[in-house]
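Chains as they are written, first to last, in the working numbering: chain A, 23 to 334; chain B, 95 to 647. A quick write-up on the structure given underneath.
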Amino acid sequence: MARYLLRRLLQLIPVVIGITLITFLLLHLVPGDPARTLLGVRATPARVAALDREWGLDLPLPVQYVDYVGRLLQGNLGTSIFYEAPVGQLVASALPVTLGMLAMGTIFGIAMAVPLAVLAATHAGRPTDHVIRAVPLIGLGMPPFWVGFILLLVFALTLSLFPVGGWGDTLPQHLISLVLPALTIAAVMTPILVRSMRASLVEVLRSDFVTAARARGLSTWRVLFRHALRNTLIPAVSVLAVNLGYLLGGTVIIENVFGLPGVGNLLLSGIFERDFDVVQSVTLIYALLVVIINIAADLAYARLDPRVVLGQ
Amino acid sequence: MADSTHPQASRPLPRPEITKPPGRLARLAGAAGILLVGVLAACGSATGGASSTTPHRGGNLVIDTDTPVSDFDVWSTSDNESIWCLDQITQALYANSSDGKSVYPLLATSYSLSTNDLTWTIQLRHGVRFSNGAEMTSKDVVFSIQQEANQTNDTGWGFLDAQIASVTAEGSYTVAITTKYPWAPMLADLAFFGNAIVPYNYGGETHAQFYQNPIGTGPFMISKWVKGNYIKLVRNPHYWQPGLPYLDSLTFQAVADANTRVLQLRGGQAQIIEDVPFNEIKSVESAGQKVGLFPSTRIDYVTMNELNAEQAYGMGTDDANTWFTDPHVRAAISYALDTKAIMNAITDGYGTAASSPLMSSVEYYSPVSLDSGNLAMAKQELSESSFPNGGFSIDFITTSQDPIQYSVAEIVKQDLASLNITVNLRLLDPSAVTSQEQTYHFGMRETYWTNDIIDPDEYTSFVLEGGTGSVDFANNTHFDDPTLDSLIAQSETTFNATQRAQLYLKIQQLAADDAPIIWLGDSPYHYGYKTDVHGYTVYPTGNAHFEDVWLSS
Chain A
23 MARYLLRRLL QLIPVVIGIT LITFLLLHLV PGDPARTLLG VRATPARVAA LDREWGLDLP
83 LPVQYVDYVG RLLQGNLGTS IFYEAPVGQL VASALPVTLG MLAMGTIFGI AMAVPLAVLA
143 ATHAGRPTDH VIRAVPLIGL GMPPFWVGFI LLLVFALTLS LFPVGGWGDT LPQHLISLVL
203 PALTIAAVMT PILVRSMRAS LVEVLRSDFV TAARARGLST WRVLFRHALR NTLIPAVSVL
263 AVNLGYLLGG TVIIENVFGL PGVGNLLLSG IFERDFDVVQ SVTLIYALLV VIINIAADLA
323 YARLDPRVVL GQ
Chain B
95 MADSTHPQAS RPLPRPEITK PPGRLARLAG AAGILLVGVL AACGSATGGA SSTTPHRGGN
155 LVIDTDTPVS DFDVWSTSDN ESIWCLDQIT QALYANSSDG KSVYPLLATS YSLSTNDLTW
215 TIQLRHGVRF SNGAEMTSKD VVFSIQQEAN QTNDTGWGFL DAQIASVTAE GSYTVAITTK
275 YPWAPMLADL AFFGNAIVPY NYGGETHAQF YQNPIGTGPF MISKWVKGNY IKLVRNPHYW
335 QPGLPYLDSL TFQAVADANT RVLQLRGGQA QIIEDVPFNE IKSVESAGQK VGLFPSTRID
395 YVTMNELNAE QAYGMGTDDA NTWFTDPHVR AAISYALDTK AIMNAITDGY GTAASSPLMS
455 SVEYYSPVSL DSGNLAMAKQ ELSESSFPNG GFSIDFITTS QDPIQYSVAE IVKQDLASLN
515 ITVNLRLLDP SAVTSQEQTY HFGMRETYWT NDIIDPDEYT SFVLEGGTGS VDFANNTHFD
575 DPTLDSLIAQ SETTFNATQR AQLYLKIQQL AADDAPIIWL GDSPYHYGYK TDVHGYTVYP
635 TGNAHFEDVW LSS
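Take a look at the structure:
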């Protein structure tokens, strides 16, 4: 396990270098200039040059890149040009929002997917199964921003159960603020999880060891939750990991709809304002999160299935 | 030595009638006033959250803004959300009036002007305190204005104070500001947010440190600022106007999505929201909320670049955009565009087509003849140009992030096709559009202007004045008419109201004839607010006095 983790962490090095290089080059090579954006109509050549000098943007690109990587190695994410604040501070404020939303969304997704998958698998081929397989697909077919607005209209405006977006000031307010965004994520995630788990479960329920368990007189629920379900989790974890990576990118839209001050919104404003350090840092963090989610999925495989030995 | 003194009374509660220094910022009220009334009537909405009930203290008001409050540094900031929030924390000697046509004394009480029109002697209000409890004196005023006047256009907003030669204290409550040359917009410039009064020597901090957490004499002070998210202001306990502000706190919260802002207003998460989409105004009103359509200094227009990037940088002789140097081509394009239809399309009928190069809400506005919506005349003008059959392509830079910009670009593309002019839309993100414009890598673009001061001088200097000494070469069009430049310079040094009005009439007419820009039209500020919000008014310069706002629930 330790060797496996070490190897995966070493594999991160080229990934990080690649991400920093690609993001850095993309940002600097496409049209757009932070000094001109900040100064707006008052951007005289002298002012632009002065700000470029102040921010080190007048230096050759390789020098700027080496400076950037050097700062990263010291744990310094740089300074936001737009907010005039350390990027580390901005990210530290925004990351809990995004991670909290993803975590709650995942919990909701699993909480909805598991019983539905079990119900569908145990009623395979019957109307219940067809309904469970069909209805969640509606959620999958709807764009997340639309699902978000529907949830806001129904649960926040009509029923007044939740706030209409925002983040609140206290922990309970934060948690309540995350419910509808998390449900939006769950609405996207659940159909895929249900289909994946149902297919695996149907397969497992037909296997010999399940038949043997039943023959030994174990109850249906015990067979399901003690023996069958565990075997369906490995493909589900794979699907979950892939989708979480995908949803990480989608948080930009969900945060926008719910007015959440998360990393997605920070990234969006950073792109519009050509806030180089913000965009580079957030992109890097996104990339690292995707890698970490996948490593966590690998670790989960080993935990769920003793036959899986990491590193082999 | 003074030729006249203009005392002005202290400000009773509620807000007094706006008083205007006589004989300096004179009005051309007739036509402009009538038109303004017409605009308001056409908008069909009352302004402000007036109420007949008695104001009372308390309450926390949340205002949803389009973009976050990001930067208070008066040398660098240019986003309206930051400026309008800073207005609640710091105050200047003078303030813009609610009709946007005059100023009234705020931290000053009166002024006098020397006979040579060079020295402005200003009496300061007594008993004004900063939010840290320290009293404001002439020492603070001299420091604040000198800091701004020491800036140049290359380091800050200093071009608005470029006329100032010296600022000196004459006792604790008197300040003398001497200009290098007679300067008519002086009081308007003193109301500029960059000239707001801050503690002497920034209270011992550096300029940069101070503006991370600025203090002033305004009704509110910063309580908590989560950058990129929200800023919460609380009542300044030392505020100099007794009983004000009414609100306990005021929070500017960034909510980028317009639909979410509307939902937050309906759900009570916010009491005021910025920029209700024009096409949702009726639904917001029918849901029981108010929408304030406040006359603004916003004027939308399309610029035409007469210089291509190669020429701008002296790197070549490419003449790709030379068609815009032909006045007949510019006139043809102006005629080909139906500004009334465009304004209807982008404001859902709430805006009005331009009738002058000046926005209709400012002093000295006068309707003149603008070319628009006449295809026969467009073809006639083109036939008299160096490109009688069209046949050229224009690079129109725009962004899909801004629906107004994008809609105008699409309409221009369709309209100019009838002149056999091809418009290629180049979709960029907002930062790239700004960058491409300022480096002259474009043919046309849609943009808009809002005034920071009430005098039209800021606008004419930026948008109409060309030549190498200009601020931005006529809004990056590289247009230059020396006669127009000369008129703008005269308007800055002419104090006589009638003469100034005549100069501005000539400026408007000449700019309309030159047609370096296609002026599309004016549109109001459009804010949604709850019915329990009272005393809320947005001034034409975009700022609001939240010390007058109160909540009835």
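All C-beta atoms, glycine included, are put in the ideal place defined by N, C-alpha and C. From a predicted model like this one, the values you see are computed outputs, not experimental measurements.
Around G110 (chain A), the same chain offers L99 as residues with beta carbons nearer than 6 Å, after the five sequence neighbours per side are excluded. With 16 or more other CB atoms across the displayed protein chains lying within 10 angstroms of its CB, E295 (chain A) is buried. By alpha-carbon distance to P36 (chain A), the top candidate from A:V201, A:A309, A:T120 is A:A309. With contacts defined by Cβ atoms closer than 9 Å, V222 (chain B) and T311 (chain B) form a contacting pair.
If you draw a straight line from the Cα of N278 (chain A) to the Cα of V201 (chain A), it comes to about 15 Å. Sixteen is the threshold: since fewer than 16 other Cβ atoms of the shown chains lie within 10 Å of the Cβ of M23 (chain A), the residue is exposed. Rounded to the nearest angstrom, the gap between the Cα atoms of S241 (chain A) and F247 (chain A) is 10 Å.
In the DSSP assignment, N518 (chain B) is bridged to B:D489. Secondary structure at V37 (chain A): helix, using DSSP grouped into helix, strand and coil.
With fewer than 16 neighbouring CB atoms inside 10 Å of its own CB, W243 (chain A) falls in the exposed class. Ranked by how close their Cα comes to the Cα of D394 (chain B), the residues B:N438, B:M471, B:I177 have B:N438 in first place. Residue ranges of uninterrupted alpha helix (DSSP H) with 4 or more members, entirely inside the region 569-618 of chain B and ordered along the chain, are 576-587, 591-608. Separation of T272 (chain B) and Y500 (chain B) (C-alpha to C-alpha, rounded to the nearest whole angstrom) is 46 Å.
When Cβ pairs closer than 8 Å are counted between the two stretches, the region 592-603 of chain B is seen not to touch the region 417-435 of chain B, the count staying below three.
In the DSSP assignment, M315 (chain B) is bridged to B:V328. Close partners of Y308 (chain A) in chain B (Cβ separation under 9 Å) are lacking, with about 17 Å as the shortest Cβ gap.
At the C-beta level, Y621 (chain B) and V370 (chain B) come within 9 Å of one another. For L227 (chain A), the enclosing alpha helix (DSSP H) covers residues 193-227. Within the DSSP secondary-structure output, Q347 (chain B) pairs in a beta bridge with B:D158, B:Y324.
Here the region 260-270 of chain B makes no contact with the region 295-304 of chain B; the two share fewer than three CB pairs at distances below 8 Å. Within chain A, no residue has its beta carbon less than 8 Å from that of A186 (chain B); the closest one is some 19 Å off.
When only Cα atoms are considered, Y188 (chain B) and D234 (chain B) end up about 15 Å apart. Exclusion of the five residues before and after G445 (chain B) leaves M437, G615, D616, S617 as the residues of its chain whose Cβ lies within less than 7 Å of its Cβ.
Burial is judged here by how many other beta carbons sit within 10 angstroms of a residue's own beta carbon; Q96 (chain A) has fewer than 16 and is exposed.
The alpha carbon of Q335 (chain B) has as its nearest neighbour, out of B:L284, B:Y623, B:V557, B:S225, the alpha carbon of B:S225.
At a cut-off of 9 Å between beta-carbon atoms, P166 (chain A) makes no contact with chain B. In this structure, the alpha-carbon of N154 (chain B) lies about 32 Å from that of P166 (chain A).
Between the region 309-323 of chain A and the region 58-75 of chain A there are fewer than three inter-stretch CB-CB distances shorter than 8 Å, so the stretches are not counted as touching. Contact between the region 513-528 of chain B and the region 450-462 of chain B is absent, with fewer than three C-beta pairs closer than 8 Å. Proximity to W417 (chain B) across B:R360, B:E478, B:G386 peaks at B:E478, based on C-alpha coordinates.
A direct Cα-to-Cα measurement between F573 (chain B) and G537 (chain B) gives close to 13 Å.
Cβ contact annotation for A209 (chain A) (same chain, cutoff 7 Å, sequence separation greater than five): G161, V169, in chain order. Not a single C-beta of chain B is nearer than 9 Å to the C-beta of S303 (chain A). Annotated three-state conformation of K274 (chain B) is coil, per DSSP.
About 19 Å separates the CB atoms of R424 (chain B) and Y542 (chain B); that is not less than 8 Å, and the two are not in contact.
Setting aside the 5 residues that flank it on each side, S102 (chain A) is surrounded in the same chain by V109, L112, D297, D299, V300, each with a C-beta closer than 7 Å to its C-beta; the list follows chain order.
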